[in-house]
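Beneath this line is the structure, given in structure tokens, with notes to follow.
Residue numbers (the UniProt record's numbering): 1 to 269.
Following this line, the structure appears as structure tokens:
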């Protein structure tokens with residue numbers, strides 16, 4: 001996928017690529033601060049980087065859960081991050097009309113896991129001509145993602161990648177089946193969503209839990225089995241984050257992780 005992004009750096013480094021940022025855009029200053037720090041690290045370790053931030057969250061546990069600071073405002077912030085640092089940006093879309101809207105501001109459109117079988121949404125994303133990432137549903141087999149990919153390519157868009165984010169393991173946990181990564185790489189590049197794979201959904205409180213202590217473990221395993229990229233949500237203070245704080249990586253822990261993962265990648269090339 002990254003070969004289609006003209007503004008991505010370190011494209012020829014042979015390293016994994018990174019999608020990282022806050023779960024949701026909380027404000028301009030925070031988005032710029034996170035992007036600046038991640039760029040400093042990805043430049044240091046020669047990692048191609050795409051900034052991620054949701055402009056709106058539609059899949060919420062409760063009606064009073066935070067969703068957005070404003071759709072247009074969030075998209076403008078994403079655009080500013082991209083222009084300020086000359087890097088590609090990505091956000092998730094939830095409705096057909098979001099595709100054309102978000103495509104005016106970001107470089108990569110992400111289809112959420114629960115919506116990856118929605119044909120009209122996938123076609124709308126593909127028809128923008130932007131790169132499209134497809135999150136594998138927690139309820140889907142790796143083999144079934146072949147058909148989601150075909151919906152994009154059949155819409156005359158070859159710029160597609162798959163995001164692995166774990167499978168449902170009982171009612172309140174997820175587990176990554178690493179056998180699926182080489183399977184899905186037969187269809188498209190594969191990105192391992194490390195932090196969402198460590199969610200513990202459907203908690204009785206109505207707030208999703210997580211296991212951020214296992215981020216390093218899951219990420220290392222993903223690199224070893226051949227993931228092309230990693231997806232890591234990060235925040236300066238996850239405990240105060242407006243969304244998904246329970247499974248995000250604290251920003252000041254990112255350098256140690258990237259240093260280790262780069263060494264793992266080098267060891268298997």
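Think of the CB as a built atom: it goes at the ideal place given N, C-alpha and C, for glycine as much as any other residue.
Note that the structure is predicted; figures quoted are calculated from it, not measured.
Taking a contact as a CB-CB distance under 8 Å, the pair residue 228 and residue 16 counts as one, their CB atoms being some 7 Å apart.
The C-beta of residue 208 has 16 or more other C-beta atoms within 10 Å across all chains shown, which makes the residue buried. Apart from the 5 residues on each side of it in sequence, residue 167 sits with its Cβ closer than 7 Å to the Cβ of 138, 174, 175, 177 in its chain, given in chain order. According to the DSSP secondary-structure assignment, residue 231 is paired through a beta bridge with 19, 193.
Per DSSP, the unbroken beta strand (DSSP E) holding residue 110 starts and ends at 108–111.
Only residues of its own chain outside the window of five on either side were considered, and among them 181, 182, 185 have a CB closer than 7 Å to the CB of residue 226, listed in chain order. Per DSSP, residue 160 is one residue of the beta strand (DSSP E) stretching across 160–164. Per DSSP, the beta-bridge partners of residue 209 are 200. Secondary structure note for residue 2: it is in no alpha helix (DSSP H), with a DSSP letter that is neither H nor E. Setting aside the 5 residues that flank it on each side, residue 4 is surrounded in the same chain by 131, 159, each with a C-beta closer than 7 Å to its C-beta; the list follows chain order. Closest in C-alpha terms to residue 214, from the list 235, 237, 249, comes 249.
In terms of Cβ geometry, residue 231 and residue 194 form a close pair [threshold 8 Å]. Residue 121: member of the alpha helix (DSSP H) spanning 119–127, first to last residue. Assigned with DSSP and collapsed to three states, residue 24 falls in strand.
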